[in-house]
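Presented below is the structure to which this report refers.
Numbering (our numbering), first residue to last: 22 to 209.
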């Protein structure tokens, strides 16, 4: 279910939190149209965040180490970003930049062009920094969804992990452990 107003988002959040996954788009959309079958598709994207999803099936601390590595690199370069523990097996990192409107039409190649730009940035950082847990499935996708901060983690089968999606101050990433974050994520 999509929501388009703050009021609708709050009502949906209250209804779903702890029962279903709560996601938020990493971008703003403009000029939405309906395709045949009722699928809603944007014709332009207001691109202001580059999303990185770090996951490890059995050792979430490896995902944490990769998020730390990319965060440290970005801090050294003075690049604004934020990090969030997903509430399960991974971390999200989003690079914040000046929002830019891009045409996004699958029929004229503009959508593929933006995907390629995003993929090249992510691939370069993955190989340069050795980000082994960067989820390849999310690379090159400018239309990502990420867990809504402070919501209960519920997987695609409806199972709750007992933890919450927790934003982490980037200045504390070097002084906190994955286990400390997991303990903190049990309290909303």
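Backbone N, C-alpha and C define an ideal beta-carbon position, used for all residues, glycine too.
Contact between the region 73–89 and the region 44–57 is absent: fewer than 3 CB-CB pairs across the two stretches fall below 8 Å. Beyond the five residues adjoining it in sequence on each side, residue 69 comes within less than 8 Å, by CB distance, of 48, 49, 117, 118, 119, 120 and 121 in the same chain, given in chain order. Under the DSSP definition of a beta bridge, residue 115 partners with 72 and 103. Secondary-structure assignment with DSSP links residue 61 through a beta bridge to 55.
Boundaries cannot be given for residue 196, as no beta strand (DSSP E) includes it and DSSP labels it neither H nor E. The Cβ atoms of residue 170 and residue 186 lie closer than 9 Å to each other. Annotation for residue 32: no beta strand (DSSP E) segment contains it, though the alpha helix (DSSP H) segment containing it runs 27–37. Taking residue 53 as reference, the option from 166, 124 and 177 with the minimal CA-CA separation is 124. Counting along the chain, the unbroken alpha helix (DSSP H) around residue 90 starts and ends at 81–98.
Judged by beta-carbon spacing, residue 113 lies within the 9 Å limit of residue 168, meaning their Cβ atoms are closer than that value. The beta carbons of residue 203 and residue 106 sit closer together than 9 Å. In the structure shown, residue 204 falls within a helical segment according to DSSP collapsed to helix, strand and coil. About 28 Å separates the Cβ atoms of residue 163 and residue 184, ruling out a contact at the 8 Å cut-off. Secondary structure in the region 119–194: the beta strand (DSSP E) runs of 3 residues or longer, each lying completely within the stretch, are 166–168, 173–175, 181–185 and 187–189 in chain order.
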